[in-house]
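Just so you know, we're using this note's numbering here: the sequence shown kicks off at -11 and counts up by one.
Here a beta-carbon is modelled for each residue, glycine too, at the ideal position from N, C-alpha and C.
Computed from a predicted structure; not experimentally measured.
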Amino acid sequence: MKLILKIIGQVIMLSIVLVFGIILIWEQLPGNRNICDAGSIYYVIAWFIFIITTIALLLNSWVFFNKQNWTKYRLIIITICISLIFTSFSIRWLIFQVSYNQEKYSFESTENSFQFIEIKLYENGKFYAQTYDMSCQMEHIGTYTIQENEITILFKNQKSKYIGTKYLMKNTTLVCLNNCNNTIEMNIK
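Given below as structure tokens:
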């Protein structure tokens, strides 16, 4: 009976760590971090649960590994926990370094606009954009082309209601030409 409870406890802890770890890793991928004020508490709770259960499972496995109790299983759990922790904290940085690489242009909304918009264009034809309004932060990714100071943006995920699909670069500003709800001018950084 004691062995069955031990196995059930390990299955429950490992399931919690894997579910929260995978969800948080997915959320760290560019374009997936869309958080509103009301949902941010759930985001903090998810990170708290993930960190606490992962550390508890890691310490438990380390102690029992040293006692030579289920050594192969404990080694697998230690590897999973360390991999999930490393991946959840570094995947975003790694993707930007490897997939997006060198930044070509960066644009930011002017200080007098209602929404904060930041668009980064990369040398390899990809773009990353984030918008903040009164309550939400949204991320958008995709590709772009530039022809004679006109930037055409193609969204990979859902199109932003604040970011247009065509812009004109004039001196130090970026002016929206197509699919814009608001005529927001952005400064070139």
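Taking residue i as the reference, give the member of the options with the closest Cα.
i: G178; options: T161, E91, N159, H128; result: Residue 178 is absent from the structure shown; the chain starts at -11 and stops at 177.
i: K154; options: S148, S49, K147, I141; result: I141
i: L109; options: D121, E96, Y120; result: E96
i: F38; options: V7, T59, T67, N54; result: V7
i: R21; options: Q(-2), I79, Q56; result: I79
i: R62; options: G130, N159, V(-1), F143; result: V(-1)
i: V86; options: E111, G9, I40; result: E111
i: E15; options: S3, I4, Y31; result: Y31
Cβ atoms of residue j and residue i: under 8 Å apart, would you say?
i: I151; j: A117; result: yes
i: L12; j: A26; result: no
i: M126; j: T133; result: no
i: M1; j: A44; result: yes
i: Y168; j: I23; result: Looking at the sequence provided, one finds Cys at residue 168 rather than Tyr. Their beta carbons are not under 8 Å apart, which means C168 does not touch I23 by this criterion.
i: M122; j: I139; result: no
i: I64; j: L46; result: no
i: A69; j: T98; result: Rather than Ala, the amino acid found at residue 69 in this sequence is Cys. Taking 8 Å as the Cβ cut-off, C69 and T98 do not qualify as a contacting pair.
i: G19; j: N166; result: no
i: F115; j: I129; result: yes
i: S94; j: G9; result: no
i: I83; j: L17; result: yes
May I ask you to report which of helix, strand or coil DSSP gives residue i?
i: I79; result: helix
i: S94; result: strand
i: Q135; result: strand
i: I141; result: strand
i: I129; result: strand
i: I73; result: helix
i: Y150; result: coil
i: Q103; result: coil
Fully enclosed by the region -9 to 71, which alpha helix (DSSP H) runs are 4 residues long or longer? 28 to 54
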